[in-house]
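For the record, the sequence lines run as chains A and B.
Oh and the first sequence: position 84 is 104 in this note's numbering, straight run, nothing missing.
Oh and the second sequence: position 46 is 106 in this note's numbering, straight run, nothing missing.
One structure is given below, encoded as structure tokens.
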Amino acid sequence: DAKTTQPPSMDCAEGRAANLPCNHSTISGNEYVYWYRQIHSQGPQYIIHGLKNNETNEMASLIITEDRKSSTLILPHATLRDTAVYYCIVRPPRGGGYNKLIFGAGTRLAVHP
Amino acid sequence: GAVVSQHPSRVICKSGTSVKIECRSLDFQATTMFWYRQFPKQSLMLMATSNEGSKATYEQGVEKDKFLINHASLTLSTLTVTSAHPEDSSFYICSASFRDEQFFGPGTRLTVL
Numbered sequence: 021d022a023k024t025t026q027p028p029s030m031d032c033a034e035g036r037a038a039n040l041p042c043n044h045s046t047i048s049g050n051e052y053v054y055w056y057r058q059i060h061s062q063g064p065q066y067i068i069h070g071l072k073n074n075e076t077n078e079m080a081s082l083i084i085t086e087d088r089k090s091s092t093l094i095l096p097h098a099t100l101r102d103t104a105v106y107y108c109i110v111r112p113p114r115g116g117g118y119n120k121l122i123f124g125a126g127t128r129l130a131v132h133p
Numbered sequence: 061g062a063v064v065s066q067h068p069s070r071v072i073c074k075s076g077t078s079v080k081i082e083c084r085s086l087d088f089q090a091t092t093m094f095w096y097r098q099f100p101k102q103s104l105m106l107m108a109t110s111n112e113g114s115k116a117t118y119e120q121g122v123e124k125d126k127f128l129i130n131h132a133s134l135t136l137s138t139l140t141v142t143s144a145h146p147e148d149s150s151f152y153i154c155s156a157s158f159r160d161e162q163f164f165g166p167g168t169r170l171t172v173l
């Protein structure tokens, strides 16, 4: 599985956009980029995923560079409840039922008033 | 939909005793479940992959005789920490696969005195 690199921590003011980067320079052509977050003492929560195209859902947007070697998770209007550790994970393609997720260190996002 | 529960949420036990943690998929069937362990201020570490009706697959360095996994039905996997010691104190999290995605339980905090 491709390895990811994320900054250990970031700060963001409430109401502003939070842009969380992730490098995955060894990603294979058929591997997806997934983002999860973990609020303190809870299980991880799925946020979004993508393959090549930019994706948007009710929680966030995912921007993947054309060469797919990096991506950015965007929380458009961060709130205090978005304070969490955000994990960028590259995983094998769908199918086969083998969905092992390997978590890196993640980025600890602190949203402040 | 796709809710995963864990029981208990917290457990405190004496050194040398065994502790069983349950992971249930509440509204779907999961042929594959995963067990993770997380120490304070660290990331999730995959311990094993649990497959219904077959033996679990353990990650390198995880003692299969110490961490017994049973996936007896499509909605239940159990992790038993045998002869627990203080160094086994950790946050244990399970996840279940559904339609090629993973959904995480809320975690179980184990404290071994």
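All residues carry an ideal CB built from backbone N, CA and C; glycine is no exception.
Quick one: give me the first and last residue of the beta strand (DSSP E) that A:HIS97 is part of.
Against the first sequence, residue 97 of chain A aligns to sequence position 77. No residue range can be given for A:HIS97, since it is assigned to no beta strand (DSSP E) and is classified by DSSP as neither H nor E.
CB of A:ARG128 within 8 angstroms of CB of A:SER61, strictly:
Against the first sequence, residue 128 of chain A aligns to sequence position 108. Against the first sequence, residue 61 of chain A aligns to sequence position 41. For the pair A:ARG128 and A:SER61, the CB atoms are not nearer than the 8 angstroms cut-off.
How many angstroms separate the CA atom of B:GLY121 from the CA atom of B:VAL71?
As a working mapping, residue 121 of chain B is identified with position 61 in the second sequence. As a working mapping, residue 71 of chain B is identified with position 11 in the second sequence. Rounded to the nearest angstrom, the two C-alpha atoms are 24 angstroms apart.
Contact residues within the region 157 to 169 of chain B, judged by C-beta distance below 8 angstroms to chain A:
Flagged, chain order: SER157, ASP160, GLU161, GLN162, PHE163, PHE164, GLY165, PRO166, GLY167 and ARG169.
Residues of its chain near A:GLY117, where Cβ-Cβ distance is below 7 angstroms and the 5 sequence neighbours each way are ignored
Taking the first residue of the first sequence as position 1, residue 117 of chain A is located at position 97. Only weak support is given to the placement of A:GLY117: the predicted model assigns it a pLDDT of 42, under 50, and the value that follows is read from those uncertain coordinates. In the same chain as A:GLY117, and ignoring 5 residues on each side of it, no C-beta atom comes closer than 7 angstroms to its own.
By the three-class DSSP mapping on this structure, what secondary structure does B:PRO166 have?
By 1-based counting over the second sequence, the position of residue 166 of chain B is 106. Residue state, collapsed to three classes: coil.
Please check the pair B:ILE81 and B:ALA108, which I expect to be a contact at CB under 8 angstroms, by giving their CB distance rounded to whole angstroms.
Taking the first residue of the second sequence as 1, we reach residue 81 of chain B at position 21. Taking the first residue of the second sequence as 1, we reach residue 108 of chain B at position 48. About 13 angstroms; that fails the 8 angstroms criterion.
Does the distance from the C-beta atom of B:SER137 to that of B:HIS131 stay below 8 angstroms?
Residue 137 of chain B sits at position 77 when you count from the first residue of the second sequence. Residue 131 of chain B sits at position 71 when you count from the first residue of the second sequence. Yes, the Cβ-Cβ distance between B:SER137 and B:HIS131 is below 8 angstroms.
In terms of residue numbering, what span does the beta strand (DSSP E) encompassing A:ARG88 cover?
Looking up residue 88 of chain A in the first sequence gives position 68. DSSP places A:ARG88 outside any beta strand (DSSP E), giving it a letter other than H or E.
For B:SER103, decide whether its Cβ has a neighbour in chain A, counting only Cβ atoms nearer than 8 angstroms.
In the second sequence, residue 103 of chain B corresponds to position 43, counting from 1. At a cut-off of 8 angstroms between C-beta atoms, B:SER103 counts as an interface residue with respect to chain A.
Can the beta-carbon of A:TYR143 be found less than 8 angstroms from the beta-carbon of A:TYR66?
Outside the displayed span of chain A (21 to 133) sits residue 143 of chain A, for which this structure offers no information.
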